[in-house]
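Letter by letter, the sequence shown follows residues 0 to 118 in numbering that gives the first Met the number 0. Heads up, the beta-carbon is just placed ideally off N, CA and C, and yes, glycines get one too. All values reported here derive from a predicted model rather than from experimental measurement.
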Amino acid sequence: MKQEELKQFESSLYQRKRNIQSALSSEGEVQSQSHRSTSSDDYADEAQICEQLEISSQIVTAEAGQLRKIDEALSRIKSGSYGKCDGCGEEIAIARLEALPFALNCRECQSELDKQPLT
0 MKQEELKQFE SSLYQRKRNI QSALSSEGEV QSQSHRSTSS DDYADEAQIC
50 EQLEISSQIV TAEAGQLRKI DEALSRIKSG SYGKCDGCGE EIAIARLEAL
100 PFALNCRECQ SELDKQPLT
């Protein structure tokens, strides 16, 4: 991979990281406000607040997972292994990295992994 492309992916990953951190901060504020609002005598309101908290919690979990993947990709950039397939060692297609910049495997190896049963 060319140095220019690598810098572009690094910049894109940092931007995604900032966006997710901002979203996580917003979700934290929503959860905090929802916790303060749970002192209602209306059970329907409380149920709705609980549902919103559950959805918010799921969003936070998913975004935290993406943050971890982004940090791992940034580490691979620093170590010089970014863009190399963990499965076969070949270069991951630029188009795949543009769509999924924290991809660990080329399309072929990922397809094979997806066919394997979960253990």
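Note: K83 is bridge-paired with E90 in the DSSP secondary-structure output. The straight-line gap separating the alpha-carbon atoms of K16 and K83 is approximately 21 Å. Counted as a single uninterrupted DSSP element, the alpha helix (DSSP H) harbouring A72 occupies residues Y42 to S78.
With respect to the 7 Å criterion, G86 and C108 are classified as neighbours on the basis of their beta carbons. Classified as exposed, P116 has fewer than 16 neighbouring CB atoms from the shown chains inside 10 Å of its CB.
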